[in-house]
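Enquirer: Numbering-wise (our numbering), the sequence shown opens with residue 6 and increments by one.
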Amino acid sequence: MAIIKYSVRVITTIPQHNLHEVPAAAATIEAAGYDGITTLENQHDPFLPLAVAATCTQRIELATGIAIAFARSPMAVANLTWDLNEASGGRFVLGLGTQIKAHNERRFSVPWSAPVPRLREYVGALRAIWRAWKYGERLRYEGKHYQFTLMIPNFVPEGSGLALPPITLAAVGPAMLKLSGEVGDGVRLHPFCTRRYLTDTVIPRLQLGLAKSQRKRANFEIGGGGFIATGPDDEAVARAGEWVRARVAFYGSTPAYWPV
Numbered sequence: 006m007a008i009i010k011y012s013v014r015v016i017t018t019i020p021q022h023n024l025h026e027v028p029a030a031a032a033t034i035e036a037a038g039y040d041g042i043t044t045l046e047n048q049h050d051p052f053l054p055l056a057v058a059a060t061c062t063q064r065i066e067l068a069t070g071i072a073i074a075f076a077r078s079p080m081a082v083a084n085l086t087w088d089l090n091e092a093s094g095g096r097f098v099l100g101l102g103t104q105i106k107a108h109n110e111r112r113f114s115v116p117w118s119a120p121v122p123r124l125r126e127y128v129g130a131l132r133a134i135w136r137a138w139k140y141g142e143r144l145r146y147e148g149k150h151y152q153f154t155l156m157i158p159n160f161v162p163e164g165s166g167l168a169l170p171p172i173t174l175a176a177v178g179p180a181m182l183k184l185s186g187e188v189g190d191g192v193r194l195h196p197f198c199t200r201r202y203l204t205d206t207v208i209p210r211l212q213l214g215l216a217k218s219q220r221k222r223a224n225f226e227i228g229g230g231g232f233i234a235t236g237p238d239d240e241a242v243a244r245a246g247e248w249v250r251a252r253v254a255f256y257g258s259t260p261a262y263w264p265v
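#1: Identify which residue in A234, I42 and I172 has its Cα closest to the Cα of A56.
#2: Out of P209, S78 and E142, which one is the CA nearest neighbour of F113?
#3: Leaving out the 5 sequence neighbours to the left and right, which residues in its chain are closer than 6 angstroms to E126 when beta-carbon positions are compared?
#4: Could you check how far apart the C-beta atoms of L131 and A175 are, in whole angstroms? I think they sit under 8 angstroms.
#5: Excluding the 5 residues preceding and the 5 following P120 in the sequence, name in chain order all residues of the same chain whose CB lies nearer than 6 angstroms to its CB.
#6: For the beta strand (DSSP E) that T44 lies in, which residues bound it at each end?
#7: Can you tell me whether DSSP reads A137 as helix, strand or coil?
#8: Span of the beta strand (DSSP E) holding G228?
#9: Going by DSSP in three states, Q152 sits in which element: helix, strand or coil?
#10: Looking at the unbroken alpha helix (DSSP H) that takes in E187, where does it start and where does it end?
#11: Please list the segments of the alpha helix (DSSP H) lying wholly inside the stretch 77 to 143, counting only runs of 4 or more residues, in order along the chain.
#12: My assumption, with CB atoms under 8 angstroms, is that A241 sits in contact with I105. Please give the rounded CB distance.
#13: Is it buried or exposed for P237, if we count other Cβ within 10 angstroms and need 16 for buried?
#14: Given Q48, which residues of its chain have a CB within under 8 angstroms of its CB, disregarding the five upstream and five downstream residues?
#15: Among E110, V128, H108 and A37, which residue has its Cα nearest to the Cα of A81?
#16: For the beta strand (DSSP E) that L67 lies in, which residues bound it at each end?
#17: For W87, count neighbouring C-beta atoms within 10 Å of its own C-beta (all shown protein chains included) and say buried if the count is 16 or more, exposed if not.
#18: Strictly by DSSP, which residues pair up with A1?
#19: Mind checking which residues open and close the alpha helix (DSSP H) that includes T33?
#20: Hey, L53 and T18 are a contact pair by Cβ (cut 8 angstroms); roughly how many whole angstroms apart?
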């Protein structure tokens with residue numbers, strides 16, 4: 006019987022409401038032995054805290070978990086990611102997600118279309134831009150949703166020879182899970198993903214995508230977690246538990262998440 010080896014890394018979030026708190030928080034997280042820091046796109050921008058953390062940490066991974074893709078041009082994200090990867094010495098991971106139709110149209114005021122083919126193009130465009138900068142390839146990415154055909158030396162950022170940043174995709178549905186396995190370096194699962202959904206849907210769909218791109222599972226990272234209520238006393242745990250209940254109810258109100 007073949008022995009399958011797994012490795013587990015532990016990451017945590019960082020305060021995003023006050024950038025002045027980031028240096029101390031990031032240093033504490035790194036000293037405590039965590040493997041990485043991730044940021045969310047809820048009330049605050051997910052990139053800014055990581056730019057600060059990049060300047061005051063040495064070891065831990067820095068990742069967006071996740072940034073909303075379609076609200077930003079791939080060119081702008083390529084530039085942001087390049088600079089964060091340079092600032093961190095190659096420790097940055099770009100986590101992208103699509104959000105749902107209502108948020109794209111009504112919160113970000115961007116047009117909505119089928120998310121899977123569009124995100125496929127988005128990832129392809131990012132990598133085409135990075136290759137143009139890193140290897141001097143001619144930039145010619147022409148898809149249905151994104152076209153990038155102009156890049157002159159004046160706009161090519163300096164680089165120190167670091168590896169290109171990994172891209173992980175947030176995925177819930179079967180089609181997005183398959184896409185993650187096909188074009189992503191990893192997948193970020195929803196916090197309320199159940200074990201049944203993981204075994205019955207997530208793993209099989211990821212394997213289909215990996216097989217299509219002829220890649221091995223060992224080179225692909227699955228990021229997940231859960232809702233945990235902790236605190237210094239019973240009262241604090243109870244408050245945290247109510248917060249968890251509210252979050253589950255909030256996410257449960259989204260029809261796209263019901264299968265999970």
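Each residue gets a CB set at the ideal place from its N, CA and C atoms; glycine is no exception.
Just so you know, these numbers come straight off a predicted model, no measurement behind them.
Expert: Taking the coordinates as given:
#1: Mapped onto the sequence shown, residue 56 falls at position 51. When each option's Cα is compared against that of A56, the closest is I42.
#2: Looking up residue 113 in the sequence shown gives position 108. The candidate whose alpha carbon is nearest that of F113 is S78.
#3: Along the sequence shown, one-based indexing puts residue 126 at 121. Excluding sequence neighbours, E126 sits near G148, H150 and Y151.
#4: Start at 1 with the first residue of the sequence shown, and residue 131 comes out as number 126. Start at 1 with the first residue of the sequence shown, and residue 175 comes out as number 170. About 15 angstroms separates the two Cβ atoms, so there is no contact after all.
#5: Residue 120 sits at position 115 when you count from the first residue of the sequence shown. Hits under 6 angstroms: T103.
#6: One-based indexing of the sequence shown puts residue 44 at position 39. Looking at the DSSP string, the run of the beta strand (DSSP E) that includes T44 is G41 to T44.
#7: The residue labelled residue 137 in the question sits at position 132 within the sequence shown. Three-state DSSP puts A137 in a helix.
#8: Taking the first residue of the sequence shown as position 1, residue 228 is located at position 223. Where G228 is concerned, the enclosing beta strand (DSSP E) stretches over E226 to G228.
#9: In the sequence shown, the residue the question calls residue 152 occupies position 147. The answer is strand: DSSP assigns Q152 an E or B state.
#10: For this step, residue 187 is matched to residue 182 along the sequence shown. Counted as a single uninterrupted DSSP element, the alpha helix (DSSP H) harbouring E187 occupies residues P179 to V188.
#11: Within the stretch 77 to 143, the runs of alpha helix (DSSP H) that reach at least 4 residues and sit entirely inside it are, in chain order, 79 to 92 and 120 to 140.
#12: For the purposes of this step, residue 241 is taken as residue 236 along the sequence shown, with counting starting at 1. For the purposes of this step, residue 105 is taken as residue 100 along the sequence shown, with counting starting at 1. Between I105 and A241 the Cβ distance is about 33 angstroms, and since that is not below 8 angstroms, they are no contact.
#13: One-based indexing of the sequence shown puts residue 237 at position 232. Counting Cβ neighbours within 10 Å, P237 comes out exposed, since fewer than 16 surround it.
#14: For the purposes of this step, residue 48 is taken as the residue at position 43 of the sequence shown. Excluding sequence neighbours, Q48 sits near Q21 and H22.
#15: Here residue 81 is taken as the residue at index 76 of the sequence shown, counted from 1. Taking only the C-alpha atoms, the option nearest A81 is V128.
#16: For the purposes of this step, residue 67 is taken as the residue at position 62 of the sequence shown. First-last of the beta strand (DSSP E) with L67: E66 to T69.
#17: As a first step, residue 87 must be located in the sequence shown, where it is residue number 82. Label assigned to W87: buried.
#18: Since the first residue of the chain shown is 6 and the last is 265, residue 1 is not available in this structure.
#19: Sequence index remark: in the sequence shown, residue 33 carries index 28 (1-based). First-last of the alpha helix (DSSP H) with T33: V27 to A36.
#20: Translated into the one-based positions of the sequence shown, residue 53 becomes position 48. Translated into the one-based positions of the sequence shown, residue 18 becomes position 13. Not really, about 14 angstroms apart at Cβ, beyond 8 angstroms.
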